[in-house]
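Everything below concerns the one structure shown next.
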Amino acid sequence: MAGRIRDVDIALVRERSPIADVIGEHIQLRNAGGGNLKGLCPFHDEKSPSFNVTPERGMYYCFGCSEGGDVITFVEKIEHLPFSEAVERLAARAGITLQYEQGGYVPKRDHGERARLIEAHRAAAEFYRDRLLSPDAAPGRKFLSERGFERADAELFGVGYAPNEWEALTRHLMGRGFTADEIVKGGLAKEGRRGPIDRFRGRLIWPIRDATGDVIGFGARKLIEADDGPKYLNTPDSPLYKKSQVLYGIDLAKKEISKRSQAVIVEGYTDVMACHLAGVPTAVATCGTAFGEEHIKVLRRFLLDQSAATGEVIFTFDGDAAGQKAALRAFADEQKFVTQTYVAVQPDGLDPCDLRIKQGDAAVRDLVASREPLFQFAIRSTIGRYDLRSNEGKIAALDAAAPIVAGIKDVGLRKRYAIDLDRWLGFMDERFVMQRIAEVGGAQQGRPQRAPRAAPIDPNVRVEGELLKLAVQRPALLGPRFDALDPAAFTGADHVVLHGVIVASGGMAAAGFGGREWVDRLLDHAPDEAARGLVTRFAVEVIQADAHVEERYGAAMLAAIEAVAVDRAIAQVKARIQRLNPVEEQQEYNRMFGELVALEQQRRVLRDRAAGS
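Right, here's the structure in full:
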């Protein structure tokens with residue numbers, strides 16, 4: 048049984064696994080100022096980015112769902128791995144050989160299930176790729192050649208061939224040390240009468256990779272007429288592969304998607320290949336299922352679509368009835384994107400692969416460039432089913448298109464498409480069309496609810512939060528003055544907890560210059576997960592001051608907190624003075640009055656310092 052991974056190795060894994068690089072393999076991160084990065088959270092669906100990464104301290108935190116931690120925590124959460132497997136995965140990525148305290152070096156065969164299945168798929172991809180050069184793979188090579196793909200293209204996309212044998216891959220993998228259970232669980236084989244048999248036989252094979260580049264499944268195209276299976280066969284859902292969340296080509300396209308703020312959705316593996324080779328490197332495709340909500344979530348992490356003006360998603364469909372139907376299905380999910388969505392349909396019905404063969408690379412690029420807005424396509428496709436030469440046909444078309452227009456959330460855009468609909472139908476009566484849209488689409492047209500107003504934030508609580516961010520991120524700016532603060536200076540519930548963690552960790556006296564070591568110390572002294580979450584949040588949240596004025600800002604926040612404490616002392620002294628008789632208790636009265644004057648003078652000084660921020 049494997050022993051515990053040495054602490055020194057865990058620290059080395061963290062050090063050599065830059066958090067921005069690791070997280071950047073899953074989502075698009077952009078500069079948020081102050082050395083921080085920001086993106087759309089991969090752990091919950093959100094419209095605007097609230098997921099923050101601080102490379103300096105190796106931490107991340109989402110202010111939307113409160114998920115946070117370090118690079119190991121991220122891999123645990125995103126890959127659904129236990130701690131040890133997350134460390135092993137990062138170690139493999141960084142080229143680190145781990146040592147275990149009770150058993151020395153632990154070979155790969157002792158790794159967790161996910162790592163084992165990843166390795167099995169990597170071995171399977173190599174097996175299939177090598178077999179593409181074998182004599183019996185001639186039909187596969189012919190298939191590729193007829194579609195304009197050369198050997199180098201096949202190698203770029205890792206295309207392979209599954210021998211037309213019952214157990215070729217199974218024997219190969221078992222010879223490499225994988226068990227029958229692992230091969231079946233990964234979807235590489237299925238149970239036969241006498242044990243596992245290969246799932247793919249006599250087929251051209253495309254490896255399907257996740258965003259990090261790991262092979263997690265395969266798509267297989269029939270080559271033999273005697274094969275009574277479907278034309279395309281995919282890996283079934285497995286611990287690695289969830290078809291509703293998989294986009295073929297995302298590993299190759301993700302950087303260009305982020306760079307160009309564009310994603311092109313095509314229908315097949317050869318279409319993805321054709322697009323990339325023709326100069327459209329943002330193309331991806333679903334794998335054996337319709338494009339849906341989970342695919343949108345995957346794309347949005349790389350598009351970072353905060354504004355409809357900053358990016359685009361382009362669907363390409365065949366020009367036939369089936370293609371139009373697919374486009375209208377996509378329309379149902381259109382408004383789950385923030386960015387603009389388009390449709391690119393080739394009039395002669397050619398898909399990108401066939402278009403490239405017949406008309407060349409430029410034609411593929413022109414197809415994408417000729418896109419039209421998805422709303423426009425959906426409306427025009429709908430009214431195109433009716434005879435617009437008669438009033439009856441026009442009214443029927445209007446009633447069919449009305450729910451589409453009524454469902455457009457943007458009021459201005461909805462009005463413009465209502466005007467367009469009137470023009471396309473030939474009524475030349477905008478008021479009539481708008482009224483009909485309101486009547487037919489009324490159920491979708493309900494009055495938008497006003498968002499509840501956020502409760503005003505107590506200025507003192509805001510100051511507490513800023514001071515605690517400095518204590519976690521820039522402790523050297525605060526020094527002994529912070530440690531001298533009365534715990535009662537903090538009133539926010541979270542702030543009281545975090546201040547207690549800081550005190551338990553030794554305060555600013557133990558923090559030094561801060562950095563990752565100080566944050567780790569705070570995490571070690573946090574009494575529970577909730578407190579650890581607070582430490583992570585305050586280690587990542589942006590300080591509301593530019594770096595060049597942080598020292599002055601820290602002094603101002605300290606002064607403001609100290610002034611609040613003085614305010615409380617003044618209130619107490621005033622209350623005591625009011626209870627005194629200035630004639631009978633003149634000496635005590637004069638003493639308290641002098642104390643009040645001194646406190647008010649102290650408050651003025653502190654307020655002046657606080658205003659200096």
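To convert a position in the sequence shown, counted from 1, into the numbering used here, add 47. Backbone N, C-alpha and C fix where the C-beta goes; we use that ideal spot for every residue, glycine too.
Residue interval of the beta strand (DSSP E) (run including residue i)
{"i": "Ile590", "result": "Neither: Ile590 is in no beta strand (DSSP E) and is coded neither H nor E."}
{"i": "Met106", "result": "106-109"}
{"i": "Gly266", "result": "262-269"}
{"i": "Ala391", "result": "387-392"}
{"i": "Leu280", "result": "279-281"}
Per DSSP, the bridge partner or partners of residue i
{"i": "Lys237", "result": "Ile244"}
{"i": "Asn211", "result": "The partner list for Asn211 (beta bridge, DSSP) is empty, contrary to what the question assumes."}
{"i": "Val313", "result": "Ala332"}
{"i": "Lys85", "result": "Arg77, Asn99"}
{"i": "Leu294", "result": "Thr333"}
{"i": "Ile617", "result": "BP columns for Ile617 are empty, so no partner."}
{"i": "Gly554", "result": "None; Gly554 has no bridge partner."}
{"i": "Gly115", "result": "Tyr108"}
For residue i, three-class secondary structure by DSSP
{"i": "Val327", "result": "coil"}
{"i": "Pro254", "result": "strand"}
{"i": "Ala540", "result": "helix"}
{"i": "Ile343", "result": "helix"}
{"i": "Leu462", "result": "According to the sequence provided, residue 462 is Lys. The question's Leu does not apply to it. If DSSP states are grouped into helix, strand and coil, Lys462 belongs with the helices."}
{"i": "Tyr288", "result": "coil"}
{"i": "Glu513", "result": "helix"}
{"i": "Ile455", "result": "coil"}
{"i": "Gly562", "result": "helix"}
{"i": "Tyr433", "result": "coil"}
{"i": "Thr226", "result": "coil"}
{"i": "Glu93", "result": "coil"}
{"i": "Asp338", "result": "In the sequence as displayed, the identity of residue 338 is Phe instead of Asp. If DSSP states are grouped into helix, strand and coil, Phe338 belongs with coil."}
{"i": "Lys441", "result": "helix"}
{"i": "Leu673", "result": "In the structure as shown, the chain starts at 48 and stops at 660, and residue 673 therefore has no counterpart that could be examined."}
{"i": "Pro420", "result": "strand"}
{"i": "Leu191", "result": "helix"}
{"i": "Leu646", "result": "helix"}
{"i": "Gly641", "result": "helix"}
{"i": "Pro450", "result": "helix"}
{"i": "Gly473", "result": "coil"}
{"i": "Arg651", "result": "helix"}
{"i": "Arg656", "result": "helix"}
{"i": "Ala610", "result": "helix"}
{"i": "Asn628", "result": "coil"}
{"i": "Asp275", "result": "coil"}
{"i": "Ala586", "result": "helix"}
{"i": "Ala664", "result": "No information on residue 664 is available, as it lies outside the stretch 48 to 660 that the chain covers here."}
{"i": "Asp395", "result": "coil"}
{"i": "Thr217", "result": "helix"}
{"i": "Gly580", "result": "helix"}
{"i": "Arg51", "result": "coil"}
Run of the alpha helix (DSSP H) containing residue i, from where it starts to where it stops
{"i": "Phe121", "result": "118-126"}
{"i": "Gly360", "result": "At residue 360 the sequence reads Val, which differs from the Gly that was named. First-last for Val360: 359-364, but that is the beta strand (DSSP E), not the alpha helix (DSSP H)."}
{"i": "Phe479", "result": "477-487"}
{"i": "Pro399", "result": "399-406"}
{"i": "Leu299", "result": "297-307"}
{"i": "Leu203", "result": "198-204"}
{"i": "Asp68", "result": "66-71"}
{"i": "Asp54", "result": "54-62"}
{"i": "Asp530", "result": "527-530"}
The ligand GDP heavy atom lying under 7 Å from the CB of residue i
{"i": "Ala622", "result": "The ligand content of the structure shown is nil, which means the ligand GDP is not present either."}
> For the 8 Å Cβ check, are there 3 or more pairs between the segment 101-117 and the segment 61-70?
Replying inline: yes
>> Under 8 Å, with one C-beta from each stretch per pair, do the segment 385-400 and the segment 433-440 reach the 3-pair mark?
In response: no
> Looking at C-beta atoms only, is the number of pairs between the segment 208-224 and the segment 240-260 that lie closer than 8 Å three or more?
Replying inline: yes
> Where are the alpha helix (DSSP H) runs, 4 residues long or more, that stay fully inside the segment 130-187, in chain order?
Replying inline: 130-141, 160-178
>> Whether or not the segment 585-603 and the segment 514-528 are in contact is what I'm after, with contact meaning three or more pairs of Cβ atoms, one per stretch, closer than 8 Å; do they touch?
In response: yes
> Would you call the segment 198-210 and the segment 168-179 in contact, with 3 or more CB pairs under 8 Å?
Replying inline: yes
> Does the segment 335-353 come close enough to the segment 307-324 to have 3 or more Cβ pairs within less than 8 Å?
Replying inline: yes
> Is there contact here, the segment 265-279 with the segment 215-233, by at least three beta-carbon pairs under 8 Å?
Replying inline: no
> Pairing CB atoms from the segment 134-151 with CB atoms from the segment 49-62, are three or more of them under 8 Å?
Replying inline: yes
> Given 8 Å as the limit, is there contact between the segment 314-323 and the segment 87-98, that is, 3 or more CB pairs closer than that?
Replying inline: no
>> With three or more beta-carbon pairs closer than 8 Å as the criterion, would you say the segment 550-560 touches the segment 626-642?
In response: no
> So, do the segment 464-482 and the segment 441-450 have three or more beta carbon pairs nearer to each other than 8 Å?
Replying inline: yes
> Between the segment 257-265 and the segment 290-301, do three or more beta carbon pairs fall short of 8 Å?
Replying inline: yes
>> Closer than 8 Å is the cut-off here; do at least three beta carbon pairs connect the segment 644-659 with the segment 615-635?
In response: yes
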